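Residue numbers (my numbering), protein chains in the order written: chain P, 385 to 1175; chain A, 3 to 222. Each residue gets a CB set at the ideal place from its N, CA and C atoms; glycine is no exception. The structure presented is a predicted model; accordingly, all values stated were derived computationally and were not measured. First up is the structure itself, then whatever we jot down about it.
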């Protein structure tokens, strides 16, 4: 019988620990346990056999860490190790008449994925694929276990689903705060994995069966997928330097039976510290428990890598600001690859109260798939809000969905067959909640009934692709009222029907309603309130608009969605703080004092009567000089220097706004500098500080980021014909890469100067590795650049 | 989480000079946000200790090369391998602030570094209390990269403990730890008391008669 058919018919029992069993048989610390598949076949088979004799149904192959990273430099290939492991497991399984399932066991890679770490998502995928390809013909399922990073799980699941046609089970290691190592809580991990179509979800390792029970109860309440649970034999205790697990077989089995009794639990077994005796006891207490069926839940949720947003509790705010339509400043940022500006838009919307951020980078001039992928990944490195992937290019959509960490909103599909056939397979494969526009081949119906009909068609088609109603958000399309007096009413009527009669969640691009009208905020806010009252689950709005946020908080307060008016009161208190400039503060003072909001405001006012260049030269640069000199003298300290830099940046942003809008290239051609943290180094705070200061002083900084290879630095410096490259490295090990980078630049591009900085560097050291200039602090690099470009 | 404000300010370059009100306000705001997002975790284990030569010490069956480490352990009869981290979200916080406000990012960097130290101290105090019952004293933490113990010793240290699996700290090819707010160390146990902190300049006991002027760490 196939594993999928067996699942749910009886309680299946996983085997117990391999690692601690091997240690008990002499495996040394630092030795790779998977090598024993070849060097100690008999021992491995004996352990598997003991679990078969204990009555287990599923054997895990001894392949937990059998990936290419760990086997580099050993005499074995991954595929040899994996194949030997599968053979050993099969051999043990063959010794009984009972049906035994063999699970290919995949553990964490041992590296952290970007953006937390250095491993590329695609590289993690490749590591897992190699293991899967070696085993897939001879195993019954793939078990991805002891996983602590949701992103790494996604890489493994995609590798499993794309390279084999086998059931996939995922068990994760949560701590006692119910978090994964990279921060995800249970619901976030669950919903993300359900989106990816995993066959079993659950827990292993980290905790004993007693501590694991509440986690199982939680997942059982919200999940719609069969559950697998493999706890340790209690929490690890360190006695005389030896880690051991002290829960006895009988205690373990009794606690495990409580887990097995939870709704949805269909397989249980053991992890670290469990022995064949523990599993034999578990078979006695659990095998007879008839698994309760899994109840399908109807939550409509989107997630980031660590938080979940539920539709329905209160209206959800989707921030619309990351979309270049009609926004010249953002357009420029996208064309110039200025991630900083995009990130600051994200942070500002998050701080204003957005729950989800829309991400649209569609511009005819750019490679949308590449830019969308990069932007989504970048945004997920600075915000934990879920994202709405907004594109009409399905190629771009797929690339973004693939690397998205969590369960995103997908914007959008519409009633055209072509659109549904392109988008639904992606939504099914990667998971997500799809925004469905109620238009089709015949355009946008001008009646509520027409839009409802299209919604029904979309719902039916989604179902045929295996996408449930809970994973759809219907958009009944806000059409500008200035072109039709009924437009708002049509949208609202359709909204009401879909939300309350069809029971499906809804979404609107709220601001569309007011195109062509003056003082759009008033119309938008009134329409937003009407829409929320008529069943709007999520509004795509500008969270930086006071009118919209007032409408939102007032609505929640009136509808009993705001306990004790806490949010409303917090909101009105917050917005009561004047963001306006104090009278009497000029731009120079604002920058010297590090007052960001005031500096921006002052610059805005000055721009009405002063030329941009004059503001820079007579206000900003003198202010920065006062602070810079203070820093050099030791009377101003780093935080103050940076507060001033940020204030100056706010002023520059206002100036840039004007320059972009006038479309005139009035800016003087700026001097370009490439800066980077060298290969292998991930500490980039110093480099980031240097960047802000150099930009303040008018340099055009091309920031290549951290962990940058010498070749990329050379290639960029040559292409951009820069005269100065700045390199940072923190540790002795990475200064070696700085030296290599310098050598390469010297050889291939001798025209440029190189300045260096970083904790372990000294004047002497810098000279020895061939740098032109050693900067002991961030101001040093500004002074050097000024001197160099003045020549 | 508790941490030494003075230490954080020292990382920011104040060197004992009083910080201004703006910096202090920033520091308090950032430390509240940091306390809310960190996931501190630690792991340690006792391993075998054997002196091979004056500069070779066998720890947990692996030979480490460092004269200073051996000197540091001269009175120690036992040794622990130790690792601790504030978790991946600490790095996330600094990245977020970098997008928003550079001053905040620099202050967060300093606050989190000070928190990492306090967290390690807290765990070590707990171990010391336990070991103290049997008359053992903890030596200060000694980490790869200190003195003549090469940073590449991280690889061997990592093979002695299940660090990635248990607390989520990983090692890059260049032997840097990710998440960055992490510490690994050897901790000697001896029967005679010694000062708690390896680097005199880092020691909170400013009145100590043996205090020496040490290196001043700063953000770079």
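Taking 8 Å as the CB threshold, residue 107 of chain A lines the interface with chain P.
When the alpha-carbon of residue 108 of chain A is set against those of A/123, A/92, A/120, A/119, the nearest one is in A/92.
Here the region 170-188 of chain A lies against the region 76-88 of chain A, with 3 or more beta-carbon pairs under 8 Å apart. Rounded to the nearest angstrom, the gap between the Cα atoms of residue 736 of chain P and residue 745 of chain P is 22 Å.
Non-local C-beta neighbours of residue 991 of chain P in its own chain, meaning closer than 6 Å and more than five positions away in sequence, comprise 1042, ordered along the chain. The continuous stretches of beta strand (DSSP E) do not include residue 1074 of chain P, which lies in the alpha helix (DSSP H) extending over residues 1069-1080. The alpha helix (DSSP H) runs of length 4 or more contained entirely in the region 606-669 of chain P are, from start to end of the chain, 633-644.
A residue is called buried once 16 or more other Cβ atoms fall within 10 Å of its Cβ, and residue 923 of chain P is buried on that count. Note that the C-beta distance between residue 897 of chain P and residue 864 of chain P is below 8 Å. A distance below 7 Å between beta-carbons, with the five flanking residues on each side excluded, links residue 593 of chain P to the following residues of its chain, in chain order: 615, 636, 639, 640, 643. Legend: CB atoms of the region 40-62 of chain A lying less than 8 Å from CB atoms of chain P belong to residues 41, 43, 46, 47, 48, 49, 62. For residue 170 of chain A, the three-state secondary structure derived from DSSP is coil. Between the beta-carbon of residue 417 of chain P and that of residue 166 of chain A there is about 15 Å, and that puts the pair past the 8 Å contact cut. A contact is defined here as three or more CB-CB pairs under 8 Å, and the region 54-65 of chain A fails this definition with respect to the region 5-23 of chain A. With fewer than 16 other Cβ atoms inside 10 Å of its own Cβ, residue 194 of chain A counts as exposed.
Between residue 742 of chain P and residue 702 of chain P, the C-beta gap is smaller than 8 Å, which places the two residues in contact.
At a cut-off of 8 Å between C-beta atoms, residue 183 of chain A does not count as an interface residue with respect to chain P. Against chain A, the beta carbon of residue 927 of chain P has no neighbour under 7 Å; the closest one sits roughly 15 Å away. Residues of the region 94-118 of chain A with a Cβ closer than 8 Å to any Cβ of chain P, in chain order: 94, 96, 97, 98, 100, 101, 102, 103, 104, 105, 107, 108, 109, 111. With a cutoff of 8 Å on beta-carbon distance, residue 70 of chain A and residue 178 of chain A are scored as not near each other.
Taking 8 Å as the cut-off, the Cβ atoms of residue 94 of chain A and residue 40 of chain A do not count as close. Across the region 161-172 of chain A, CB contacts with chain P closer than 7 Å involve 161, 162, 166, 167, 170, 172, in sequence order along the chain.
In this structure, residue 815 of chain P lies near residue 791 of chain P, with their beta-carbon atoms less than 8 Å apart.
Approximately 5 Å separates the beta-carbon atoms of residue 1070 of chain P and residue 1112 of chain P; this is inside 8 Å, confirming the contact. Near chain A, meaning a CB-to-CB distance below 7 Å, the residues of the region 486-497 of chain P are 492, 494, 495, 496. Counting other Cβ atoms within 10 Å of its Cβ, residue 1017 of chain P stays below 16 and is therefore classed as exposed. Exclusion of the five residues before and after residue 1039 of chain P leaves 987, 991, 996, 999, 1000 as the residues of its chain whose Cβ lies within less than 8 Å of its Cβ. No Cβ of chain P is located within less than 8 Å of the beta carbon of residue 144 of chain A. CA-CA distance, residue 1158 of chain P to residue 126 of chain A, rounds to 38 Å. Here residue 1031 of chain P is not near residue 1077 of chain P, since their CB atoms are 8 Å or more apart.
Neighbours of residue 1067 of chain P across chain A, judged by C-beta separation under 8 Å: 178, 182.
Under a criterion of Cβ atoms nearer than 7 Å, the residues of chain A adjacent to residue 765 of chain P are, in order, 97. As the crow flies, the alpha-carbon of residue 113 of chain A is around 18 Å from that of residue 1066 of chain P.
In this structure, the CA atom of residue 696 of chain P is about 11 Å from the CA atom of residue 891 of chain P.
Rounded to the nearest whole angstrom, the CA to CA distance from residue 1009 of chain P to residue 139 of chain A is 53 Å. Contact annotation for residue 22 of chain A against chain P: 1024 [CB-CB distance below 7 Å, chain order].
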